[in-house]
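**Q** Number 67 in the working numbering belongs to position 35 of the sequence shown; there are no gaps in the numbering. The following block contains the structure, expressed as structure tokens.
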Amino acid sequence: MYINSSITTMKQIFILFISGLLLLSCEEKNMKNLPFKSESGFFNALIEIPAGTNKKYEYNTEDLSFEVDQRDGKDRIIPYLPYFANYGYIPSTLSDSTKGGDGDPVDIFVISEALSQGTLIPIIPIATVKLIDDNEEDYKIIAVPADETLNVLHVKTFEELKSKHPSIITIIETWLANYDTDPLKINGWLDQKETEDYIIKNSQN
Numbered sequence: 033m034y035i036n037s038s039i040t041t042m043k044q045i046f047i048l049f050i051s052g053l054l055l056l057s058c059e060e061k062n063m064k065n066l067p068f069k070s071e072s073g074f075f076n077a078l079i080e081i082p083a084g085t086n087k088k089y090e091y092n093t094e095d096l097s098f099e100v101d102q103r104d105g106k107d108r109i110i111p112y113l114p115y116f117a118n119y120g121y122i123p124s125t126l127s128d129s130t131k132g133g134d135g136d137p138v139d140i141f142v143i144s145e146a147l148s149q150g151t152l153i154p155i156i157p158i159a160t161v162k163l164i165d166d167n168e169e170d171y172k173i174i175a176v177p178a179d180e181t182l183n184v185l186h187v188k189t190f191e192e193l194k195s196k197h198p199s200i201i202t203i204i205e206t207w208l209a210n211y212d213t214d215p216l217k218i219n220g221w222l223d224q225k226e227t228e229d230y231i232i233k234n235s236q237n
């Protein structure tokens, strides 16, 4: 009887243990609240849209999932060239709506080969395109991976970008001026130091 009781107790403990593991594995984190910086001190970027994609995906904080953005009840498809870089946001940031921002996390383009949706990648911000959308700041950070093996441009600063790949500035501006059916205004660029200051200013940490 004692043996049977012990076996029953062990089974109960085992079931509780497995249940706990299942609960932990099913628990989803809000990806908007992921770390602002990597353990090595680089800013992080969370990828919503891989390079080469035409669908406008966004992270839904209520469903904790990636969904295609809707416009007029339809999936939003970019009626232009696909995304020239991986697109997403810097976690734990928020563009201050009381100071002209759109109230969303800081947007970012990471120039590299296509990265999977949901990738959290350490990056080096090198510049910012100052977009104005419906009278709100909609700034877009331009960045490269901190991992040199993923840095296809082989640049780490805005000056290097302009020196080695001057045509990229025009390409980025042309794409941003045409990818949305709503008119957007390009109001210049922030350099690397101004970009870092902008990110830190909008950090929620």
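Don't be surprised by glycine CBs; every beta carbon is placed ideally from N, CA and C.
Since I122 is in the beta strand (DSSP E), which residue starts that stretch and which ends it?
**A** Counting along the chain, I122 falls outside any beta strand (DSSP E), and DSSP gives it neither H nor E.
**Q** Give, in chain order, every unbroken run of the beta strand (DSSP E) that is at least 3 residues long and sits entirely within the region 143-205.
**A** Qualifying beta strand (DSSP E) stretches, in chain order: 152-165 and 172-177.
**Q** What's the gap between the Cα of E205 and the Cα of G135?
**A** Computed Cα separation, rounded: 23 Å.
**Q** What did DSSP end up calling D139 once you bin it into helix, strand or coil?
**A** D139: strand per DSSP, three-state reduction.
**Q** Does the Cβ of E80 have 16 or more other Cβ atoms within 10 Å, making it buried, or fewer, making it exposed?
**A** So E80 counts as buried.
**Q** Mapping the DSSP letters down to three states, classify E99 as helix, strand or coil.
**A** Reduced to three states, the DSSP call for E99 is strand.
**Q** Compare the Cα-Cα distances from V161 to each of K217, S70, K88 and S144 and report the closest residue.
**A** Out of K217, S70, K88 and S144, K217 has the C-alpha closest to the C-alpha of V161.
**Q** Less than 8 Å between C-beta atoms, sequence neighbours within five positions excluded: which residues of the same chain meet that for F68?
**A** Correct list, in chain order: F75, N76, I122, P123, S124, T125, S235, Q236 and N237.
**Q** Of the choices L185, G120, D214 and I158, whose alpha-carbon is the least far from that of A175?
**A** For the residues L185, G120, D214 and I158, the minimum Cα distance to A175 belongs to I158.
**Q** Can you name, in chain order, every residue of its own chain whose Cβ lies under 8 Å from the Cβ of I203, other than the five neighbours on each side?
**A** Excluding sequence neighbours, I203 sits near F116.
**Q** Is it true that the region 161-173 meets the region 217-229, where meeting means three or more beta-carbon pairs spaced less than 8 Å apart?
**A** Touching, yes, given that three or more Cβ pairs across the two stretches are closer than 8 Å.
**Q** Count the other CB atoms within 10 Å of the CB of P82; is the residue buried (16 or more) or exposed (fewer)?
**A** By the 10 Å Cβ count, P82 comes out buried.
**Q** Roughly how many angstroms lie between the CA atoms of S199 and L193, to the nearest whole one?
**A** Taking the straight line from one Cα to the other gives about 9 Å.
**Q** Alpha carbon to alpha carbon, how far is I155 from Y211? Give it in angstroms, no decimals.
**A** Rounded to the nearest angstrom, the two C-alpha atoms are 24 Å apart.
**Q** Tell me, please, which residues DSSP counts as bridged to E90.
**A** Paired residue(s): E99.
**Q** Please state the DSSP three-state secondary structure of D107.
**A** If DSSP states are grouped into helix, strand and coil, D107 belongs with the strands.
**Q** Counting C-beta neighbours from all protein chains within 10 Å, is the total for T227 16 or more, i.e. buried, or is it exposed?
**A** Looking at its Cβ environment, which holds 16 or more other Cβ atoms inside 10 Å, T227 is buried.
**Q** Which of the three DSSP states, helix, strand or coil, is assigned to S129?
**A** Helix at S129.
**Q** Given L182, which residues of its chain have a CB within under 6 Å of its CB, disregarding the five upstream and five downstream residues?
**A** So the list reads S144, once near-sequence residues are dropped.
**Q** Could you have a look at L208 and say whether DSSP puts it in helix, strand or coil?
**A** L208: helix per DSSP, three-state reduction.
**Q** Among all the DSSP beta bridges, which residues are the ones paired with F75?
**A** Looking at the DSSP assignment, F75 forms a beta bridge with K69 and I155.
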